[in-house]
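If you read the sequence shown in UniProt numbering, its first letter stands for residue 1, the second for the next number, and so on. Cβ coordinates follow ideal geometry from the N, Cα and C atoms, glycine included. Quick notes on the structure that follows.
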Amino acid sequence: MVARSSEVRPSAVRHSASPGAGGRRRRGAGRLAGLGLSGVALLVLLTGCDVGAAFDGFGWPQGGISAESRRMYDLWIASCIAALAVGVFVWGLIFWCVVRYRKRGNALPVQTRYNMPMEFLYTIAPILIVSVLFYYTAIVQTDVDKLSKNPDVTVEVVAFKWNWQFNYRDGQGPDAKTTASTLGTSEVIPVLVLPTDRSIRFEETSRDVIHSFWVPELLFKRDVMPGKIRNVFEVSSLEAEGAYVGRCAELCGSYHAFMNFELRVVSPEKYDQFLAAKQSGKSTQDALSAIGEQPYAVTTEPFDTRRTQDNFNPDKVPARTGS
Ligand SMILES: [Cu+2]
Numbered sequence: 001m002v003a004r005s006s007e008v009r010p011s012a013v014r015h016s017a018s019p020g021a022g023g024r025r026r027r028g029a030g031r032l033a034g035l036g037l038s039g040v041a042l043l044v045l046l047t048g049c050d051v052g053a054a055f056d057g058f059g060w061p062q063g064g065i066s067a068e069s070r071r072m073y074d075l076w077i078a079s080c081i082a083a084l085a086v087g088v089f090v091w092g093l094i095f096w097c098v099v100r101y102r103k104r105g106n107a108l109p110v111q112t113r114y115n116m117p118m119e120f121l122y123t124i125a126p127i128l129i130v131s132v133l134f135y136y137t138a139i140v141q142t143d144v145d146k147l148s149k150n151p152d153v154t155v156e157v158v159a160f161k162w163n164w165q166f167n168y169r170d171g172q173g174p175d176a177k178t179t180a181s182t183l184g185t186s187e188v189i190p191v192l193v194l195p196t197d198r199s200i201r202f203e204e205t206s207r208d209v210i211h212s213f214w215v216p217e218l219l220f221k222r223d224v225m226p227g228k229i230r231n232v233f234e235v236s237s238l239e240a241e242g243a244y245v246g247r248c249a250e251l252c253g254s255y256h257a258f259m260n261f262e263l264r265v266v267s268p269e270k271y272d273q274f275l276a277a278k279q280s281g282k283s284t285q286d287a288l289s290a291i292g293e294q295p296y297a298v299t300t301e302p303f304d305t306r307r308t309q310d311n312f313n314p315d316k317v318p319a320r321t322g323s
């Protein structure tokens, strides 16, 4: 019995249950109107000024300050909208099936196994969706990783346990010369001064272990490797002046969490003056004061261990005796 009912041809059942020609036309018009409305809603969503902002970036951090950060943000928002559209469609189908085919008796519902068009559709549709996502991801990734031949500014980022040195270079690669340098210490947070509206190349190298150069507002971080590896990336422009905290994003040792620096983005004119002052021998703090900027970091503070002879060794145990 079961086998026989599962062989019921869908078309035959559909035919017997189908409404008249007028009903079909009305339903067709309704479907068309629904499709049109969905299309308009999707268009409004996709062309909206900042759909992501209304949903808190769908989990992606906002407030990027580079052209690259905006591209990555846009890719994320578009992917979320595509995923939501597929989700709404699938949820709709599920709820429609639950209501339309709820149990009415003991008879089995229409069986649609081996429905080739349907099986073809649900094999091809996911492949198409993944292909489109892959295509746009590859484009954005290539764009973000792109290196130019002659960036306007090249800065060498040197990481070490547990601080940073920033070397302003006269060219690219390990053979270029350093024309000015900023070195962080336990008492002074290193401030990396860079201009807006210029392309900037970061060339990273480490003196000891793997660190990671991260300015949250770039929405991008890259490992800093020891040895001969120079990890390189570029931003085509920084778009907002200001002070931004920078961090090490790789667990590199005891004081990893305190390995902070500050990125200070200034106008190209101020940057030129800053660099000239540095090259003439001024300290970073004096050069910053000379261009009317705060001389010390304003987004983070030097690491304070709060360890004194008393609280570190309250029992005053002599060295090497243990306790
Ligand atoms: Cu580190």
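Asked: Coil, strand or helix - G253 by DSSP; Found: coil
Asked: For residue 397, the first and last residue of its enclosing alpha helix (DSSP H); Found: This structure cannot speak to residue 397, because the chain is shown only from 1 to 323.
Asked: Of the residues I129, A67, P216 and P190, the one placed nearest K146, counting alpha carbons only; Found: A67
Asked: Inter-residue Cα distance where the pair is C248 and W162; Found: 9 Å
Asked: Residue closest to Y168, alpha-carbon to alpha-carbon, out of A277, G253 and A297; Found: A277
Asked: T182 beta carbon less than 8 Å from that of T284; Found: yes
Asked: CB-CB length for E217 against G64, believed under 8 Å; Found: 6 Å
Asked: Where R222 sits in the DSSP three-state scheme; Found: strand
Asked: Backbone secondary structure at Y73 - three-state DSSP; Found: helix
Asked: Residue interval of the alpha helix (DSSP H) (run including V298); Found: No alpha helix (DSSP H) contains V298, which DSSP labels as neither H nor E.
Asked: Delimiting residues of the beta strand (DSSP E) encompassing A243; Found: G242 to C248
Asked: Beta-carbon gap between V158 and T205 smaller than 8 Å; Found: yes
Asked: Continuous alpha helix (DSSP H) assignments of at least 4 residues falling wholly in the stretch 93 to 175; Found: 116 to 144
Asked: Residue of V99, M116 and L128 minimising C-alpha distance to P109; Found: V99
Asked: 6 Å Cβ shell around A176 - same chain, five flanking residues per side excluded; Found: R169 and D170
Asked: Counted within 10 angstroms of its Cβ, other Cβ atoms place residue 358 as buried (16 or more) or exposed; Found: A question about residue 358 goes unanswered here, because the residues of the chain that appear run from 1 up to 323.
Asked: Own chain partners of E239 with C-beta closer than 6 Å, once the 5 adjacent residues on each side are dropped; Found: I65
Asked: Sub-8 Å separation of W164 and F261 beta-carbons; Found: yes
Asked: Nearest residue (CA-CA) to E269, options S254, G292 and S280; Found: G292
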